[in-house]
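>
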Amino acid sequence: MTDRHPVVTTEFLLPPAGLIVPCQKPKVIGTWPSVITNDIPRLKSALGKCANQTQEYLDWIEMQK
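Per the working numbering, the sequence shown runs over residues 1156 to 1220.
1) In this structure, how does DSSP classify T1165 when only helix, strand and coil are distinguished?
2) My assumption, with CB atoms under 8 Å, is that W1215 sits in contact with P1171. Please give the rounded CB distance.
3) Among P1181, C1178, V1162, F1167, whose alpha-carbon lies nearest the alpha-carbon of E1217?
4) Which residues bound the alpha helix (DSSP H) around V1190?
Following this line, the structure appears as structure tokens:
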């Protein structure tokens, strides 16, 4: 009699495309140093949000392994 072993397959499901959205990139309006300093907080905020989105996705992928 032959032992039968069940076939095991692994599926990796990616999140829906709408979950990962492009990062919002604020427009830099300043051309002079004094005006650019007003743009820096907006840029830092946008980059921080984008980095968080990316990290959440990477964490999710890691949990699927």
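From the three backbone atoms N, C-alpha and C, an ideal C-beta is built for every residue, glycine too. This structure is a prediction, so every number in the text was calculated from the model and none was measured.
Here's the rundown:
1) Along the sequence shown, one-based indexing puts residue 1165 at 10. Of the three classes helix, strand and coil, the one that applies to T1165 here is coil, per DSSP.
2) Numbered from its first residue, the sequence shown carries residue 1215 at position 60. Numbered from its first residue, the sequence shown carries residue 1171 at position 16. W1215 to P1171, Cβ: 12 Å. No contact.
3) Translated into positions along the sequence shown, residue 1217 becomes position 62. Of P1181, C1178, V1162, F1167, the residue nearest in Cα terms is F1167.
4) If you number the sequence shown from 1, residue 1190 lands on position 35. 1188-1219 is the extent of the alpha helix (DSSP H) around V1190.
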